[in-house]
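Undergrad:
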Amino acid sequence: MELKIKVKLMQIQDLKTNATDFTTEYPRGKEILQKADGKTHYLKIAKDVGLNANLVSTILNKAKRYGLAEKKNGFFKRAKGVAGYLTVRKPRQSNKVSSEKVATYIISKQKNNAENKFKVSTTLNNNATKMMRAYKALYITENYLRDLIREAFKNETDLWEKRVNPTIKSNVEKAQKNSSYTAAERKDNLEYTHLGDLKTIIIAKNNWPLFLPYLNQTEKRKFEMKIDDAIPSRNATAHCTLLTDLDYKEVEIRFRDIIKMFK
1491 MELKIKVKLM QIQDLKTNAT DFTTEYPRGK EILQKADGKT HYLKIAKDVG
1541 LNANLVSTIL NKAKRYGLAE KKNGFFKRAK GVAGYLTVRK PRQSNKVSSE
1591 KVATYIISKQ KNNAENKFKV STTLNNNATK MMRAYKALYI TENYLRDLIR
1641 EAFKNETDLW EKRVNPTIKS NVEKAQKNSS YTAAERKDNL EYTHLGDLKT
1691 IIIAKNNWPL FLPYLNQTEK RKFEMKIDDA IPSRNATAHC TLLTDLDYKE
1741 VEIRFRDIIK MFK
């Protein structure tokens, strides 16, 4: 009898811990789970809470892995007794400041303080201007591909679970746990992927045919090579590594070539 009580207490403690981890990772997790009654489809839940359907599906699947919900016949149902352990957590406020404002502030501060021992060099400022152009091209390209994937699978249920390989899913889970910028607003798990991941999702054997109606370049190998050519520039730009003069001249062309492969 005493052993059963101890086991029960351990189960309760695990449930509390999982509930805390869940609501920390997903501040709106409680709101979503409250609507998971085993009768309401996750698409309806997504519409009710005003969130992307793929994101809601991801959250409910994570709740299932935490033991906070079960799934039967395609419907999620909140596990018994978990409601009391779920808390509403406010997302950390994001202080969004444009890169232009940051650069302007730093430069003006340097000019107004002649005695400052460490100054921002003109070269650094000029390089920053170049890198902002490169980042803009990268930002447009990656988000274009994310939107295209969402469009191609708009009628798909559980896109993330069914259409993304385990390696990418595992890497995204690690990024979600280790991310220091969780205040950033994200539509879904695709927001955690980068150019190489997006290419892998598109060219996957069972996915590729669904993208053909959107493509000008329908030869998979050529499509893959165009994106591979841009990945080194992507990595340098994303990690704030200054591009070489030759690479900088070509970076916008490389990203533009990717966009041109689509209709």
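Counting in this note's numbering, the sequence shown runs from 1491 upward without gaps.
Think of the CB as a built atom: it goes at the ideal place given N, C-alpha and C, for glycine as much as any other residue.
All values reported here derive from a predicted model rather than from experimental measurement.
#1: Taking only three categories from DSSP, how would you classify F1566?
#2: Quick check: the Cα distance between K1667 and A1720, rounded to an integer number of angstroms?
#3: Is there contact between the region 1515 to 1526 and the region 1550 to 1569, where contact requires at least three CB pairs shorter than 8 Å?
#4: Using only CA atoms, which one of A1726, Y1634, K1506 and A1509 lies nearest to L1622?
#5: Can you check the region 1531 to 1567 for any alpha helix (DSSP H) of at least 4 residues that lies completely inside it and give the ranges in chain order?
#6: Can you tell me where the alpha helix (DSSP H) holding M1751 begins and where it ends?
#7: Leaving out five residues before and five after A1559 in sequence, what residues of the same chain have Cβ atoms less than 7 Å from its Cβ?
#8: Taking L1685 as the reference, give the member of I1658, P1703 and T1708 with the closest Cα.
#9: Under three-state DSSP, which class holds L1733?
#10: Rounded to whole angstroms, what's the CA-CA distance from E1641 to K1520? Just pull it up for me.
#11: Pull up the distance between the alpha-carbon of R1711 and that of I1693, whole angstroms please.
#12: If the criterion is Cβ atoms closer than 8 Å, does the pair I1748 and T1631 meet it?
#13: Can you tell which of K1529, V1572 and N1679 has its C-alpha closest to the C-alpha of N1563?
#14: Name the DSSP beta bridge partners of L1705, please?
#15: What is the residue span of the alpha helix (DSSP H) that N1679 lies within?
#16: Return the residue from the list M1751, N1696 and Y1634 that minimises the CA-CA distance to E1714.
#17: Could you work out which residue in A1509, K1506, L1635 and S1547 is closest to Y1704 when comparing CA atoms only?
#18: Quick one: what does DSSP say K1496 is sitting in, helix, strand or coil?
#19: Can you tell which of L1733, N1615 and V1572 has the C-alpha that lies nearest to the C-alpha of K1506?
#20: Starting from T1612, trace the alpha helix (DSSP H) in both directions and tell me its first and last residue.
#21: How close, in whole Å, do the beta carbons of F1745 and A1618 come, if the pair is a contact with beta carbons under 8 Å?
#22: By DSSP, does D1648 sit in helix, in strand, or in coil?
#23: Just confirm the distance between the C-beta atoms of V1741 and A1624, as a whole number of angstroms; I'd bet it's less than 8 Å.
#24: DSSP puts D1527 in a beta bridge; with which residues?
#25: So, helix, strand or coil for A1728, using DSSP?
TA: To lay it out plainly:
#1: Residue 1566 sits at position 76 when you count from the first residue of the sequence shown. Of the three classes helix, strand and coil, the one that applies to F1566 here is strand, per DSSP.
#2: For the purposes of this step, residue 1667 is identified with residue 177 of the sequence shown, where counting begins at 1. For the purposes of this step, residue 1720 is identified with residue 230 of the sequence shown, where counting begins at 1. Rounded to the nearest angstrom, the two C-alpha atoms are 28 Å apart.
#3: Contact holds between the region 1515 to 1526 and the region 1550 to 1569, because three or more Cβ pairs, one in each stretch, are under 8 Å apart.
#4: Taking the sequence shown and counting its residues from 1, one reaches residue 1622 at position 132. One detail in the question is off: residue 1622 reads as Met in this sequence, not Leu. The shortest Cα separation from M1622 among A1726, Y1634, K1506 and A1509 belongs to A1726.
#5: 1532 to 1539 and 1543 to 1555
#6: To locate residue 1751, count along the sequence shown from 1; it is residue 261. From DSSP, M1751 is part of no alpha helix (DSSP H); its letter is neither H nor E.
#7: Translated into the one-based positions of the sequence shown, residue 1559 becomes position 69. So the list reads L1523, A1526, L1550, A1553, F1566, K1567, R1568 and A1569, once near-sequence residues are dropped.
#8: Here residue 1685 corresponds to residue number 195 of the sequence shown, with the count starting at 1. Minimum Cα distance to L1685 is reached at I1658.
#9: For the purposes of this step, residue 1733 is taken as residue 243 along the sequence shown, with counting starting at 1. For L1733, the secondary structure class from DSSP, reduced to helix, strand or coil, is coil.
#10: As a working note, residue 1641 is residue 151 in the sequence shown. As a working note, residue 1520 is residue 30 in the sequence shown. Rounded to the nearest whole angstrom, the C-alpha separation of E1641 and K1520 is 28 Å.
#11: In the sequence shown, counting from the first residue as 1, residue 1711 sits at position 221. In the sequence shown, counting from the first residue as 1, residue 1693 sits at position 203. Rounded to whole angstroms, R1711 to I1693 spans 9 Å at the Cα level.
#12: Residue numbering aside, residue 1748 sits at position 258 when the sequence shown is read from its first letter. Residue numbering aside, residue 1631 sits at position 141 when the sequence shown is read from its first letter. Their beta carbons are under 8 Å apart, which means I1748 touches T1631 by this criterion.
#13: Translated into the one-based positions of the sequence shown, residue 1563 becomes position 73. The shortest C-alpha separation from N1563 is found at K1529.
#14: What you label residue 1705 is simply residue 215 of the sequence shown in a count that begins at 1. DSSP, once it has assigned bridges, lists F1752 as partnering L1705.
#15: In the sequence shown, residue 1679 corresponds to position 189, counting from 1. That residue, N1679, is in no alpha helix (DSSP H); it is neither H nor E in DSSP.
#16: For the purposes of this step, residue 1714 is identified with residue 224 of the sequence shown, where counting begins at 1. The option with the nearest alpha carbon to E1714 is M1751.
#17: By one-based count along the sequence shown, residue 1704 stands at place 214. Among A1509, K1506, L1635 and S1547, the Cα nearest to that of Y1704 belongs to L1635.
#18: Residue numbering aside, residue 1496 sits at position 6 when the sequence shown is read from its first letter. Because the pLDDT at K1496 is just 38, under 50, the model does not fix this residue reliably, and the value given afterwards should be weighed accordingly. Of the three classes helix, strand and coil, the one that applies to K1496 here is helix, per DSSP.
#19: Here the question's residue 1506 lines up with position 16 in the sequence shown. Closest by alpha carbon: V1572.
#20: Position 122 of the sequence shown, counted from the first residue, corresponds to residue 1612. Note, T1612: alpha helix (DSSP H), T1612 to A1642.
#21: Your numbering for residue 1745 matches position 255 in the sequence shown. Your numbering for residue 1618 matches position 128 in the sequence shown. No, F1745 and A1618 are not in contact; Cβ-Cβ is about 19 Å, not under 8 Å.
#22: Locating residue 1648 in the sequence shown gives position 158, where the first residue counts as 1. Three-state DSSP puts D1648 in coil, outside helix and strand.
#23: For the purposes of this step, residue 1741 is identified with residue 251 of the sequence shown, where counting begins at 1. For the purposes of this step, residue 1624 is identified with residue 134 of the sequence shown, where counting begins at 1. At roughly 5 Å, the Cβ-Cβ gap stays under 8 Å, so V1741 and A1624 are in contact.
#24: As a first step, residue 1527 is located in the sequence shown; it is residue number 37 there, counting from the start. For D1527, the pairing in a beta bridge is given by DSSP as K1567.
#25: Position 238 of the sequence shown holds residue 1728. The answer is helix: DSSP assigns A1728 an H, G or I state.
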